[in-house]
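At position 744 of the sequence shown (counting the first as 1) the number is 744 in the UniProt record's numbering, and the numbers step up by one without a gap.
Glycine included, every Cβ here is placed at the ideal spot set by N, Cα and C.
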Amino acid sequence: MDEKNVPIRTYQVCNVMEPSQSNWLRTDWIPRSGAQRIYVEIKFTLRDCNSLPGVTGTCKETFNLYYYESNNDREHYIRESNFLKIDTVAADESFTQVDIGDRIMKLNTEVRDVKVTTRKGFYLAFQDVGACIALVSVRVFYKTCPLTVRNLATFPDTNTGADTSSLVEVRGSCVNQSEEREEPKMYCGADGEWLVPIGGCVCNLGYEEKSGACQACKVGFNRAVSTDGACSKCPPHSHSEKEGATVCDCNQGYYRSESDPASMPCTQPPSAPQQLISEVNETSVVLEWSAPLKLGGRSDISYKAGSLGDVLFSPQQSGLRATRVCVSELQAHTRYTFTILARNGVSQGHSAGAGQSVSVTLTTNQAAPSPVTSIQAGDVTRHGVSLAWQQPDRPNGVILEYEVKYYEKDQKESSYRIMKTASRSADITGLSPLTVYLFQVRARTAAGYGEFSGPLEFSTNSDPLPLIGDAANSTLLLLSISGGVILLLISAAVFIISRRYKHAQTHMASETQATAKTHTHTDHLGIYVDPFTYEDPDQAVHEFAKEIDASNIHIEKVIGIGEFGEVCSGRLRLQGKREIYVAIKSLKAAYSDKQRRDFLSEASIMGQFDHPNIIRLEGVVTRCKPVMIITEYMENGSLDTFLRKHDGQFTVIQLVGMLRGIASGMKYLSDMSYVHRDLAARNILVNSNLVCKVSDFGLSRVLQEDPENAYTTRIPIRWTSPEAIAYRKFTPSSDTWSYGVVMWEVMSYGERPYWDMSNQDVIKAIDEGYRLPPPMDCPVCLHQLMLDCWQTERTHRPSFTQILNMLDKLIRNPTTTLRRTGGDRYIASSFNGLLEPVAGPEFVSVWSAEDCLQAIGMGMYRDTLTTAGYTSPDSLLTLTHQDMTSIGIITPSHQDQILASVQQVLLSHMQQIQEQMPDSMVPV
């Protein structure tokens, strides 16, 4: 009976009374079925020998397990010696007579394994050696790793290895609709467990993994990339119409480029660029535009510029990323149409790409011809040479004449001669023998002269020596030479006397003109007279500018190129006056009447001004060529360049002093009813004493002559008020707006306003209320003044009188603009506070007008100035040349010294006061 009291069949033996027992029981043939190690599970019962009386020495409590491998299942007799022993099996529990009476079954279970690999099957045998034993059951089995799916790879049932520590490597097979990502492998362990999975498979495109299998993507979904885990919904503007889609097709009117991933939304070509504007400069043009309104859903937008003819685009013609291109090498007086095409990644090859361009038609201006090339010299003699050359590559019009400049190499260009010719050749005579000359040629059209060619260098031939014969001939030769020398001396004496007489007459005429000019200028003092109202432009020039004899001017070097010609520095010496350094603007040769009038109009404007912060006109040269305008020389050049060169080297008080000088000059212009229209740091000049002076009065001429063209090409957008840009409404208030930008330039040490924003972006930002932020270390009060200057409503902007008062109060009372805000930190208060009366010691209490005059070596004028009411530093800052002349200070050098030095001395004194302040009180 088993443990459930159910009858069972057992094999049993209990021959314990007789010694040397050997009882065998053998199984039938068992097929191996590919197993390499078999397991035998034996369930049995065993009686305790101690419970059997009289069996001492013959009773055993173990039995032996054997096996025999064979390919034959019909072996009926196998010798016992042929069996191989697996193990001796002992019972963990044995039963006794009492257990039998109590019907207690003590069943033992033992498992043994053995390696079987050489035959198709095997037999098992059990040997009893004298035990009281019963075999209840025998189970023979082998272990496998079961069929499984791992990482989308199927691994079949696999028998374990022959050894208990062996691992069987198994290669998996990818499931349907998948492919290997990396060879799938696993190892079957001896206990039937899968170990160490390696590699695996991935679903094919259009399928996704679900429950260990690959299922097709639904309609409206796709799987285009193997790295994507699951199907994804079709990107915008695309669709799929069947299951298992690998790519979603674009909707009608939408596209993908070849480089676009399938997961990217379908896109469209861009619309046309916007707001194409052009700026013509002779034979070049700058095109600038705004981005298209619709970008088509892409960011890879680029532009292509197009035009008929052989022109040069800079930086390139196609693939432009910026919204700006420069076109050069155009023909003068020629009509051009330029097209700007917007493109993106899907523009190529689609009919939708048409109509995405914007065009502009313009006509180039007059332009001087390009330089002459290929100059050749022939027929060189002792005193001459024949030259020939080719027409310029770009004549830009009909060549009217050529100009040949030549000079001796040793003299460089300080003394040269000019010859003009209408042909492409010239015979130069009057040269010195055996001398090296340099020749340059340039062409002239109706637009003026082009650039000179590169110099052609060659040497004339030598003079033959005179042949001297007999003594009589020698005597005759000496007499001839002596007579020639005497005639030369007489001619020289007559020439010198006539020159001195003519010079005296010229000087008297100049003095008369200067006196007339003084009276005329006095008549117009206080109100600006537009020189373009004169029918005769020369009348305006001679009324407001003094004529200077060209012999009084010595040009030293070229310092720049202006709109009409070269700008040089040099010295001016007038009779009875000290020699001064001046700037000389010259009008290029072969000018037209209009160019001459335009050139001299600036002199007619400057000649009406007399203020220490306005560039001073010394005079003009109109009665000989070249025509010149002579102004005072400003050693430090333009303010923006000067500030960038000395970035961070000035105190706030010094910078405010510069702003004060500019505001003083603008107040003077405003009081004279003159609107500058082009106020910017580049048009402010700085002298050696750091005095800033307003200059460049040419834009008003351009705007008055051609307002439409000026609007599109010449208005400095970054410095111009909104109403002046939109309606060309220029007033003193628009100059105030420009002054605010100049303040920002000064406090930022010449940084470009609005940085790299395009003009279109600046206009848009201003309209939307954007204003420049305060520069680094700029006091809050100064930035507030800038914001006041940038009020949208022009009537809300301060006048230059108010601006000047604000800056004067700041200079006189720097500490009163500081306010404690908590802790030990101070910040600058709003400029509105400067309009209020302030407490504390005034500037004049620590520094007087007398002290200031003594500091600059002009103490001899103390009583003169005091009597005239100039008793404080404030009043000294308002002095002009005319003021000093009217009260008796008539020496020009003394007037210049007072005007140039007073302001700088006062600012230096204020800087010393600031340096003595505690660190916590320094303005931030």
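| Asked | Found |
| --- | --- |
| Roughly how many angstroms separate the alpha carbons of Ser586 and Phe564, rounded to a whole number? | 7 Å |
| Kindly indicate which residue of Ser738, Gly657 and Tyr674 has the alpha-carbon position closest to the one of Asn805. | Gly657 |
| Pick out whichever of Phe697, Asn151 and Ile8 has its Cα sitting closest to the Cα of Pro184. | Asn151 |
| Whose C-beta lies closer than 6 Å to the C-beta of Thr334 among residues of the same chain, with five residues either side of it excluded? | Thr364 |
| Classify Gln316: buried if its beta carbon has 16 or more other beta carbons within 10 angstroms, exposed otherwise. | exposed |
| Would you mind stating whether Asp228 and His239 have Cβ atoms separated by less than 9 Å? | no |
| Would Ile133 pass as a contact of Val40 if the rule is Cβ separation under 9 Å? | no |
| Compute the Euclidean distance between the alpha carbons of Ile717 and Thr381, then round it to the nearest angstrom. | 59 Å |
| Tell whether a beta-carbon distance below 9 Å holds between Ile898 and Ile889. | yes |
| Anyone know if the C-beta pair for Glu288 and Gln760 falls short of 9 Å? | yes |
| Tell me whether Arg26 sits in a helix, a strand or coil according to DSSP, three-state version. | strand |
| What are the boundary residues of the beta strand (DSSP E) that includes Glu781? | The residue asked about is misnamed: residue 781 is Cys in this sequence, not Glu. No beta strand (DSSP E) contains Cys781, which is instead part of the alpha helix (DSSP H) from Val780 to Cys789. |
| Per DSSP, Met186 is paired with what? | Val170 |
| Alpha carbon to alpha carbon, what distance is there between Glu403 and Gly450? | 10 Å |
| Please classify Lys693 as buried or exposed, where buried requires at least 16 other C-beta atoms within 10 Å of its C-beta. | buried |
| May I ask you to list the residues that DSSP assigns as paired with Leu572? | Ile553 and Ile580 |
| Could you please give the first and the last residue of the uninterrupted alpha helix (DSSP H) stretch that includes Met658? | Val652 to Asp671 |
| For Val567, tell me which candidate among Phe609, Gln608, Tyr633 and Leu574 has the shortest Cα-Cα distance. | Tyr633 |
| Relative to the C-alpha of Leu639, which candidate in Ser94, Arg26, Ser688 and Val620 has its C-alpha closest? | Ser688 |
| What does the Cβ neighbour count give for Gly840, buried or exposed, with the cut at 16 atoms within 10 Å? | Confidence at Gly840 is low in this model, with a pLDDT of 30, below 50, so the placement of that residue should be treated as unreliable; the coordinate-derived value is given next. So Gly840 ends up on the exposed side. |
| Relative to the C-alpha of Glu547, which candidate in Cys624, Asp163 and Gln649 has its C-alpha closest? | Cys624 |
| Looking at the unbroken alpha helix (DSSP H) that takes in Ile86, where does it start and where does it end? | Ile86 -> not in any alpha helix (DSSP H); beta strand (DSSP E) instead, spanning Leu84 to Ala90. |
| Here's a check: name, in chain order, each residue in its chain whose Cβ is nearer than 7 Å to the Cβ of Gly607, leaving out the five neighbours to either side. | Phe544, Ala545 and Leu617 |
| Looking at Leu685 and Ile615, is the spacing between their C-beta atoms short of 9 Å? | yes |
| Since Arg32 and Lys120 are thought to touch, with beta carbons under 8 Å apart, how far apart are those beta carbons, to the nearest angstrom? | 6 Å |
| Mark Glu635 as exposed unless 16 or more other C-beta atoms lie within 10 angstroms of its C-beta, in which case mark it buried. | exposed |
| Should the stretch 10-30 be regarded as contacting the stretch 122-138, the criterion being three or more beta carbon pairs within less than 8 Å? | yes |
| Using C-beta distances below 7 Å, list every residue in its chain close to Met776, excluding the 5 sequence neighbours before and after it, in chain order. | none |
| Can you give me the start and stop residues for the beta strand (DSSP E) that Gln760 sits inside? | Segment Asn759 to Asp767 is the alpha helix (DSSP H) holding Gln760; no beta strand (DSSP E) there. |
| Curious, which full-length beta strand (DSSP E) runs of at least 3 residues does the stretch 251-303 contain? | 274-281 and 284-290 |
| Report, in whole angstroms, the separation of the C-beta atoms of Val286 and Leu362, which I expect to be a contact under 8 Å. | Not really, about 11 Å apart at Cβ, beyond 8 Å. |
| Compute the Euclidean distance between the alpha carbons of Ile715 and Ile766, then round it to the nearest angstrom. | 16 Å |
| Kindly indicate which three-state DSSP category Asn461 falls into: helix, strand or coil? | coil |
| Looking at the unbroken alpha helix (DSSP H) that takes in Asn805, where does it start and where does it end? | Phe800 to Arg812 |
| If you compare alpha carbons, which of Cys217, Val111, Lys588 and His554 is closest to Arg573? | His554 |
| Run the CB neighbour count on Thr598, radius 10 Å, all protein chains shown included, and call it buried at 16 or more, exposed below. | As written in the sequence, residue 598 is Asp, which differs from the Thr given in the question. So Asp598 counts as buried. |
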